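Numbering (this note's numbering), first residue to last: 2 to 287.
Shown next as structure tokens:
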């Protein structure tokens with residue numbers, strides 16, 4: 002089961018956090034070490050459900066719907082900056098009493114996680130970075146994303162159409178990928194004229210713009226806690242860059258998941274668990 006807990010982020014934005022625990026939750030008692038899970042751009046807390054449920058056997062596992070995503074507020078005039086996302090995660094840790102925690106982030110959520118670990122080392126005992134690059138991606142990448150959003154055939158008539166388009170018809174898909182279709186089906190809601198994303202694409206572009214033009218190596222070098230960099234073999238983070246990230250991290254480790262793309266934890270949940278569980282067991286206090 003998942004229990005919703007509302008927290009207040011930067012600028013008063015209301016954020017939905019989801020604590021996962023399947024009763025009777027063996028081995029996890031009050032005071033169990035905390036884990037905060039941060040999804041990527043366009044994601045939502047529910048994408049972490051599989052990971053959070055096995056974590057809940059020994060940890061207090063909470064996934065956050067970040068601003069503009071999931072069930073959290075999407076105010077049009079809110080700040081969609083790196084600082085706001087980091088401050089939101091910081092506020093969530095403090096209001097939920099999770100610190101010192103292990104941060105697990107995918108893509109954008111991983112960047113938020115390592116920026117928070119650099120800013121507030123007192124709040125973070127361990128860090129897992131899932132398929133996020135530290136290099137600047139540049140203006141061309143941002144223009145491609147804007148064009149991709151415009152290509153979406155919204156509204157979708159059915160959820161089956163969502164799964165089919167994102168799982169195979171989307172020109173960004175190199176080969177059929179049913180898990181990708183399922184991933185995007187989770188971020189759709191039914192409106193009067195069909196199925197549309199729960200987020201505003203313009204807010205997603207503004208969010209992405211806040212990191213796409215800059216490199217983030219300096220913040221990596223400031224992360225003092227144990228850190229694991231995980232990549233999917235066919236993901237967006239290349240092996241050479243991932244290994245350089247490990248070198249830059251003062252206490253970095255490396256893992257990769259075969260037969261997985263960018264959505265590592267969603268594509269291959271069993272292999273993902275096998276990749277990160279030994280690291281978690283070695284983090285002091287976690």
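Ideal placement from N, C-alpha and C gives every residue a C-beta, glycine not left out. Because the structure is a prediction, the values reported are computed rather than measured.
When you compare only the Cα positions, how much space is there between residue i and residue j?
| i | j | result |
| --- | --- | --- |
| residue 41 | residue 111 | 8 angstroms |
| residue 28 | residue 36 | In this prediction, residue 28 scores a pLDDT of 48, lower than 50, which makes its location untrustworthy; the coordinate-derived value is nonetheless stated afterwards. Cα to Cα, residue 28 sits roughly 15 angstroms from residue 36. |
| residue 278 | residue 57 | 13 angstroms |
| residue 150 | residue 159 | 19 angstroms |
| residue 80 | residue 217 | 20 angstroms |
| residue 109 | residue 286 | 26 angstroms |
| residue 69 | residue 11 | 13 angstroms |
| residue 251 | residue 223 | 8 angstroms |
| residue 32 | residue 156 | 45 angstroms |
| residue 26 | residue 154 | Low per-residue confidence applies at residue 26: pLDDT is 45, beneath 50, and the placement is therefore not dependable enough to give any value. |
| residue 62 | residue 145 | 35 angstroms |
| residue 161 | residue 190 | 13 angstroms |
| residue 177 | residue 95 | 42 angstroms |
| residue 253 | residue 90 | 22 angstroms |
| residue 240 | residue 232 | 8 angstroms |
For residue i, which beta-bridge partners are listed by DSSP?
| i | result |
| --- | --- |
| residue 7 | 17 |
| residue 180 | Paired residue(s): none; residue 180 is not in a bridge. |
| residue 189 | 198 |
| residue 102 | 35, 125 |
Could you check how far apart the C-beta atoms of residue i and residue j are, in whole angstroms? I think they sit under 8 angstroms.
| i | j | result |
| --- | --- | --- |
| residue 127 | residue 247 | Contact doesn't hold; Cβ gap of about 15 angstroms is too wide. |
| residue 136 | residue 242 | 6 angstroms |
| residue 101 | residue 225 | Incorrect: roughly 12 angstroms between the Cβ atoms, too far for contact. |
| residue 256 | residue 228 | The Cβ separation is near 11 angstroms, so there is no contact. |
| residue 165 | residue 182 | 7 angstroms |
Check residue i in the structure and name its three-state DSSP category.
| i | result |
| --- | --- |
| residue 198 | strand |
| residue 250 | coil |
| residue 280 | helix |
| residue 271 | helix |
| residue 288 | The structure shown has nothing for residue 288, since the chain only spans 2 to 287. |
| residue 216 | coil |
| residue 234 | coil |
| residue 228 | strand |
| residue 205 | helix |
| residue 264 | coil |
| residue 287 | coil |
| residue 12 | helix |
| residue 175 | coil |
| residue 239 | coil |
| residue 92 | helix |
**Q.** Complete alpha helix (DSSP H) runs within the stretch 31-87 (minimum length 4 residues, chain order)
**A.** As for any alpha helix (DSSP H) of minimum length 4 sitting wholly inside the stretch 31-87, the runs are 50-56, ordered along the chain.
Q: Can you check the stretch 107-163 for any beta strand (DSSP E) of at least 3 residues that lies completely inside it and give the ranges in chain order?
A: Here the runs fully enclosed are 125-131.
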